[in-house]
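K.L.:
Please see the structure below; I have some questions.
Residue numbers (our numbering): 1 to 186.
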């Protein structure tokens, strides 16, 4: 059965691979990203519909959901993949950079899901896939900010599992092995 996917952070890495796999399986896909060039490459390669949107923006998240309703008639699967890393030792950690990262990795994920869940509840069915990391299972030096964001994603996922199971909505958290990210979002 064809599903309607919304994949955040779908212009590179795990997100782009997920877009490609979903399209190969015959599903409809709308994906978001921040780099127009990468979005165009993934869209051309897969036939998915890419949008230049930032999950840390509530207005952009509203646009993503509206685009899914207009193009696909709704959403069946939400893949919360958009994220970036920031690494620093405690004592030298830039709390502003950590907050900016949380705006994407945690608060953006929550905002997007908050907008999609009413549709899934109305359907009585759906899937939410939150991309976490093994960094959210075991801490490491310089990992305070990133690991904390991924521990949060794991905890949020567990809460949503309990809340949404009665509505026929499945929630999973995938903990991939990702090399330590050290770049701050530009």
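Idealized CB from N, CA, C, for every residue including glycine.
1. Along the chain, where does the beta strand (DSSP E) that runs through residue 32 open and close?
2. Comparing C-alpha positions only, which one of 4, 142 and 84 sits nearest to residue 70?
3. Could you work out which residue in 141, 77, 170 and 151 is closest to residue 92 when comparing CA atoms only?
4. Write down every uninterrupted run of the alpha helix (DSSP H) in the segment 43-91 whose length is 4 residues or greater and which is fully enclosed by it, in chain order.
5. Going by the DSSP bridge assignment, what does residue 173 pair with across the sheet?
6. Between 172, 135 and 113, which lies nearest to residue 161 when the distance is taken from Cα to Cα?
7. Secondary structure at residue 4, three-state DSSP: helix, strand or coil?
8. Do residue 42 and residue 75 have their C-beta atoms within less than 9 Å of each other?
9. Any idea if residue 81 is buried or exposed, counting beta-carbon neighbours within 10 angstroms, 16 or more meaning buried?
10. Between the Cα of residue 87 and the Cα atoms of 77, 98 and 79, which residue gives the shortest distance?
11. Specify the secondary structure class of residue 139 as computed by DSSP and reduced to three states.
12. Using the three-state DSSP reduction, which class does residue 181 fall into: helix, strand or coil?
13. Taking the CB atoms as reference points, tell me whether residue 77 and residue 8 lie closer together than 9 Å.
14. Measure from the alpha carbon of residue 135 to the alpha carbon of each residue in 34, 129 and 143, then state which is nearest.
15. Where does residue 19 land, buried or exposed, given buried means 16+ other C-beta within 10 angstroms?
P.N.:
Based on what the coordinates show:
1. Start and end: 28-33.
2. Residue 70 has its Cα closest to that of 4, out of 4, 142 and 84.
3. When only C-alpha atoms are compared, the closest one is 141.
4. Taking only runs of at least 4 residues, the alpha helix (DSSP H) segments lying wholly in the segment 43-91 are 58-72.
5. Paired residues: 130.
6. Per the Cα distances, 172.
7. DSSP places residue 4 in the strand class (E or B) of the three-state scheme.
8. No, Cβ-Cβ distance for residue 42 and residue 75 is not below 9 Å.
9. Residue 81 should be labelled buried.
10. When each option's Cα is compared against that of residue 87, the closest is 98.
11. Coil.
12. Per-residue confidence for residue 181 stands at a pLDDT of 44, beneath the threshold of 50, marking its modelled position as unreliable; the derived number appears in the next sentence. Looking at residue 181 - three-state DSSP - the assignment turns out to be coil, as it is neither helix nor strand.
13. It is not a contact, given that the beta carbons lie outside the stated cut-off.
14. Comparing C-alpha distances from residue 135 to each of 34, 129 and 143 shows the shortest one belongs to 143.
15. The residue in question, residue 19, is buried, as its Cβ has 16 or more Cβ neighbours within 10 Å.
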